[in-house]
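In what follows, a single structure is set out as structure tokens and then discussed.
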Amino acid sequence: NAGVMQNPRHLVRRRGQEARLRCSPMKGHSHVYWYRQLPEEGLKFMVYLQKENIIDESGMPKERFSAEFPKEGPSILRIQQVVRGDSAAYFCASSPMEENTGELFFGEGSRLTVL
Amino acid sequence: DQQVKQNSPSLSVQEGRISILNCDYTNSMFDYFLWYKKYPAEGPTFLISISSIKDKNEDGRFTVFLNKSAKHLSLHIVPSQPGDSAVYFCAASAGGNEKLTFGTGTRLTIIP
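Line by line, the protein sequences are chains S and B. Numbers in the working numbering are just positions in the first sequence, counted from 1, shifted up by 144. Numbers in the working numbering are just positions in the second sequence, counted from 1, shifted up by 44.
Structure follows, in structure tokens:
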């Protein structure tokens, strides 16, 4: 049973470009979460999605950031017109719908560097 | 507004001794607490959790203690092993919501 898969693992963008980060949850998991970790900080919640629905986006910056989890395919976190402050590790996590243990299974992260 | 705080950014412990990592929280709505372990360039992995209806949960070398009145929890690792060297994050959630609020982490170094 493959774990949470994130790609790319590393992404370099110049200021003003777009960044797209992908996340495939664990098999059987229908809840996806995106977290961001800035250097020397903890993980900050960004958004919680179920298939075709955004459940909670209270941690998403109001502009330039969007997320989706389509019926088919991976969840995508999209950052438009990136700035240097967007440089961070972005972690995706998933959980099963049936078991509400509070435990999240994390991917290895996508590290975005904005030049 | 840091609702989950880990005030020690780093901790060094001799191999074989006990490691104690601390975590404080401010949101009284939190009712489920977790510890995650993270190695460099990897994602966090779940270690142990505790519900607010308990004050202790044990799993092998790992024990988590919860003091609700003090809004404090701690993770004890005994005996500490070199493979325990990692960053440990405390996290909390409220009302069955899986959205986790994380602390800033404590880097544990086990000295051989």
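Where is the CB? At the ideal position from N, CA and C, for every residue including glycine. None of these values were measured; they are calculated from a predicted model.
Among S:Pro218, S:Leu193 and S:Phe189, nearest to S:Met204 - alpha-carbon criterion: S:Phe189
Identity of the residue in B:Met73, B:Val57, B:Ser54 and B:Ile64 nearest B:Val48 by Cα: B:Met73
Same chain, Cβ closer than 6 Å to B:Tyr76, neighbours up to 5 away in sequence not counted: Ser95 and Ser137
Nearest neighbour of S:Gly251, chosen from S:Arg158, S:Gln161, S:Arg157 and S:Leu165 [CA to CA]: Nearest neighbour of S:Gly251 by Cα position, chosen from S:Arg158, S:Gln161, S:Arg157 and S:Leu165, turns out to be S:Leu165.
Exposed unless 16 or more other CB atoms sit within 10 angstroms - verdict on S:Asp230: buried
Secondary structure, alpha helix (DSSP H): runs of 4+ residues fully inside the region 48-102 of chain B: Here no run is fully enclosed.
Coil, strand or helix - S:Pro152 by DSSP: S:Pro152 sits in coil when the DSSP states are folded into three classes, being neither helix nor strand.
Neighbour list for B:Pro84 in chain S, Cβ cutoff strictly below 9 Å: Here the premise fails: no neighbours, minimum Cβ distance about 11 Å.
B:Asp68 to B:Leu78 span [Cα, whole Å]: 12 Å
Residue range of the beta strand (DSSP E) that includes B:Val131: Where B:Val131 is concerned, the enclosing beta strand (DSSP E) starts and stops at Ala130 to Ala138.
Closer than 8 Å to chain S by CB, B:Ser72: no
B:Glu59 vs B:Ser124 beta-carbon contact at 8 Å: Contact: yes.
Paired residues, beta bridge with S:Val258 - DSSP: S:Arg157
Secondary structure, beta strand (DSSP E): runs of 3+ residues fully inside the region 216-241 of chain S: Complete beta strand (DSSP E) runs here, min 3: 219-223 and 232-240.
Strand pairing of S:Ser210, partner residues [DSSP]: S:Arg222
B:Ile155 versus B:His116, B:Pro126, B:Cys134 and B:Gly149, residue with shortest Cα-Cα distance: B:Pro126
Buried or exposed by the 16-neighbour rule on C-beta atoms within 10 Å, applied to S:Gly186: Burial is judged here by how many other beta carbons sit within 10 angstroms of a residue's own beta carbon; S:Gly186 has at least 16 and is buried.
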